[in-house]
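For the record, the sequence lines run as chains A and B.
If you're matching positions, the first sequence starts at 6 in our numbering and goes up one per residue.
If you're matching positions, the second sequence starts at 6 in our numbering and goes up one per residue.
Cβ coordinates follow ideal geometry from the N, Cα and C atoms, glycine included.
Notes for the one structure printed next.
2 protein chains.
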Amino acid sequence: MKRIAESTVRRLSIYLGFLEDAQDRGVLTTSSDDLAKLGGTTSAQVRKDLSFFGSFGKRGLGYSVPELAARVREILGLGREWRVCIVGAGNIGSALARYAGFAERGFHVSGVYDSDPVKIGSRWGAVTVQDTADLERDISAGRYDIVVLTVPSENAQEIVDRVVAAGTKAILSFAPVQLTVPGDVELRTVNMAMELEALTFALTNRPGRDKQ
Amino acid sequence: MKRIAESTVRRLSIYLGFLEDAQDRGVLTTSSDDLAKLGGTTSAQVRKDLSFFGSFGKRGLGYSVPELAARVREILGLGREWRVCIVGAGNIGSALARYAGFAERGFHVSGVYDSDPVKIGSRWGAVTVQDTADLERDISAGRYDIVVLTVPSENAQEIVDRVVAAGTKAILSFAPVQLTVPGDVELRTVNMAMELEALTFALTNRPGRDKQ
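So this is what it looks like as structure tokens:
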């Protein structure tokens, strides 16, 4: 398989959201034009994005919605359940633990950790907040596929080092700070300010902007 | 100015984070190699990203950190304060209102709205939660530049329609649902599942992945 740019993966996620909505509405076929509109891109780009993963659709007939949805799910690795643990039982952690969009895509929050004695032992839906001191033990036991980090910035690198040493290969961080991981660990940082900056960039530089 | 891809804007945000860290540490110059490493891209891409906005740096000498930081801030529209209102005083809203990364970049949360009588009137740091019924009045009065939407999915489009009718031109939504806005309104959707999908894609498709 060719190398895939991160922007392509993002668009695949957007296409999938649209395809799942279409499935719910009973729509059976869609076109690269439809997908392009939603992904904020061109139909040529849609065809290129999908072409990385083999041949889809029939010229003039468009794509079969259930077929394409199943294939994009598979491409994104969503054909299985992913066990997620959240480290940091604060506001963002709490919001994520309840986030409806996770379960829909097969992300199962099966552990929450915090070092605050007041929070340890409290129930968060189906899970009980555990002591961060037990994190390495549980990760080493293979209990989680993905670690979501919602601790304060000043603690983030320390937790990253600990979970990586215990065997974690995928981390999603919400701490607004640069983190370092070994080359075989996948790290993504969600930066809320970055999302606002995409807006202020667009507001400041209109017209002449490109939504792609 | 040429049209700028969204992926370029994202990288500019990442470069800026690094440049500001470098400034704090007293570092005076940087190279496209350094910026590339942090942006998960190549030095050629860094030079291309920056070339959209004029000529930067001196061959062999690299970039002046304060100069480049100031220019990227200006490009991203961060040379001013942006007044943000949050609609939906739940967990995500609360986390965002306290998010340290916002103030650093000039985003000032100056209003929070909810329709729950229990929440209306409660203090969130410097702001008091107001009734969503007053949203149109305050937006029409020009009190906010950006609306951040943290309401449940089923209410999201209704609030979008209301704030757009009242004059909002920039919306950041955390509802995991497709929203429709007129062409002159900037809408960004933060989809937490999408961030996890970038991880599962990488986990599923290694090796042969591209971090760009």
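Three-state class that DSSP yields for residue i in the structure shown
i, result
"T47/B", "coil"
"S115/A", "strand"
"D1/A", "The question about residue 1/A has no answer, for chain A in this structure spans 6 to 217."
"S12/A", "helix"
"V190/A", "coil"
"R128/A", "strand"
"A171/B", "coil"
"L177/A", "strand"
"Y68/B", "strand"
"D215/A", "Confidence at D215/A is low in this model, with a pLDDT of 41, below 50, so the placement of that residue should be treated as unreliable; the coordinate-derived value is given next. Coil."
"L208/B", "helix"
"L33/B", "coil"
"L154/A", "strand"
Contact set for residue i: own chain, Cβ-Cβ below 6 angstroms, skip 5 residues either direction
i, result
"D38/A", "S48"
"T194/B", "S178"
"D136/A", "I125"
"V182/B", "S158, A161"
"C90/A", "G116, Y149, V152"
"K174/A", "V190"
Same chain, Cβ closer than 7 angstroms to residue i, five either side skipped, listed in chain order
i, result
"L83/B", "R110, G111"
"L21/B", "A74, V77, R78, L81"
"P187/B", "V169"
"D119/B", "G93, A94, I125, V134, T137"
"D54/B", "T13, R16, L17"
"I9/B", "F57"
Beta-carbon neighbours of residue i, restricted to chain B and to distances below 8 angstroms
i, result
"R2/A", "Here chain A covers residues 6 to 217 and nothing more, so residue 2/A does not appear."
"D26/A", "Q183"
Cut-off 8 angstroms between Cβ atoms - residues of its own chain near residue i, not counting five sequence neighbours on either side
i, result
"D121/A", "A94"
"W87/A", "G111, F112, H113, D150, I151"
7 angstroms Cβ cut-off: residues of chain B touching residue i
i, result
"K174/A", "L208"
"F112/A", "A198, L201"
"E191/A", "L204, A207, L208"
"G67/A", "By Cβ distance, chain B contributes nothing, its closest Cβ being about 19 angstroms from G67/A, past 7 angstroms."
"V186/A", "None at all; the shortest Cβ gap to chain B is about 12 angstroms."
Nearest residue (CA-CA) to residue i, options the options
i, options, result
"A171/B", "G188/B, D189/B, P181/B, I144/B", "I144/B"
"A138/B", "S127/B, V92/B, I176/B, N196/B", "V92/B"
"V117/A", "A108/A, V123/A, T173/A, V132/A", "V132/A"
"G67/B", "G130/B, K124/B, T35/B", "T35/B"
"D189/A", "L201/A, A180/A, I176/A", "I176/A"
Cross-chain neighbours of residue i in chain A, by beta carbon under 7 angstroms
i, result
"L81/B", "E202, T205, F206"
Amino acids of chain A, ordered along the chain, whose beta-carbon sits closer than 8 angstroms to that of residue i
i, result
"A105/B", "S158, P181"
"V195/B", "V195, M197, E200"
Counting pairs of beta carbons, one from the region 69 to 85 of chain A and one from the region 72 to 82 of chain B, are three or more of them closer than 8 angstroms? no
Just checking, does the region 97 to 107 of chain A make contact with the region 96 to 105 of chain B on the three C-beta pairs under 8 angstroms criterion? yes
Is the region 190 to 207 of chain B touching the region 24 to 37 of chain A, taking contact as three or more C-beta pairs under 8 angstroms? no
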